[in-house]
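Report on the following structure.
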Amino acid sequence: MKQRLQEDRQAVAIGSLQPRTTRKKAHKLPQLKDKVANHRVEVLAQADRPHSFENERQQVMETLALPSPTRSLVKKHVQHSKDEHVREQAELPPVAGAFKKRQASHSMFPRAYQRGELPIMIESKAGGKALRWTRDMRELDYTKYFPLFVEGMREHTYPFNFLARKGAFQLLQYGRQHPEKVIDCLHRVVPALRTTLEMRETKYIRDTLTILQELVKIDGVGPMLVPYYRQLLPVLNLFKSKRRNLGDDMDYQQDKVKDLGEMIRETLELLERTGGVDAYVNIKYMVPTYEGIRQT
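Just add 24 to the spot in the sequence shown (first one is 1) and you have the working numbering.
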């Protein structure tokens, strides 16, 4: 054909020859031993093909995961069980919430501090911040400030909670030397302690128990607290059984954090020791599980 075209310049060949640039070699896929790898290579090769209904249908059928009848039944059964559980829980009576934390009204301590009515200030030291009194405690109106500081112990915000706690303990230490001042303001201190206990938060219950333990160690205060047992002991009766059950594990915090139930037991025993002959009967009336002072 090429020789004829060279001899006859006017001859024309239609459809016989194709330009070399238009010829394409068929792409030969590499054959791998792994069937999964061969399938991935075929999918990559098909991605270069022009869009068509057959290719789209094949891709959809390969990626489509049809649910099995067993799986559908299991899902329906699980959903039905969840709905039944929700319905049964809705029919139950509401939870009493005996140990639920409660909010208490704000005390007068923050307002008094912001007005500058308290003779205290925060002092920075090498070991941290501390409370400093701007006036001598002997010049203070003890019956006014001690209940105010005890009332401020239930505040959550800083620096009110820090100042109230530090000030209450320092005033209590000063009150050991002057028991008559503590007894005079006892009718205002007990309601503040009760309000803090009614918050039912472990942190504030611990602080209140510590104040109460130091309070009954003052001469003459123990018998005076017996009429107030009905205000202080109901919350202690609730949390008396709050113990940390560690099983066979070692309690590494026994020197840092006391067990709440153990603190309540120690407080009740101190109340009995300092309350006089009627203390045990009144404690037993409010805390039926109390067994008295342990013999050691």
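C-beta: ideal position from N, C-alpha, C; glycine also.
This structure is a prediction, so every number in the text was calculated from the model and none was measured.
Checklist entry - By DSSP, does L292 sit in helix, in strand, or in coil? => result helix
Item to check | DSSP state of L262 mapped onto helix, strand, coil | outcome: helix
Item to check | Boundaries (first-last residue) of the beta strand (DSSP E) holding G152 | outcome: G152 to W157
Checklist entry - From M145 to F184, what distance separates their C-alpha atoms? => result 11 angstroms
Checklist entry - What's the gap between the Cα of T167 and the Cα of K125? => result 30 angstroms
Next on the checklist: Going by DSSP in three states, I317 sits in which element: helix, strand or coil?
Outcome noted: coil
Next on the checklist: Buried or exposed for M177, going by 16 or more other Cβ atoms inside 10 Å?
Outcome noted: buried
Item to check | Contacting residues, own chain, Cβ-Cβ under 8 angstroms from G39 (five flanking each side not counted) | outcome: Any reading at G39 needs caution, since the residue's pLDDT is 48, under 50, leaving its predicted position unreliable; the model's value is listed next. No residues qualify anywhere along the chain.
Checklist entry - Using the beta-carbon count (16 or more within 10 Å), is D231 buried or exposed? => result buried
Checklist entry - I242 by DSSP, collapsed to three states: which one? => result coil
Item to check | Span separating the alpha-carbon of M161 from that of L155 | outcome: 13 angstroms
Checklist entry - Relative to the C-alpha of G199, which residue among S105, L260 and I242 is closest? => result I242
Next on the checklist: Along the chain, where does the beta strand (DSSP E) containing K149 start, and where does it finish?
Outcome noted: I144 to K149
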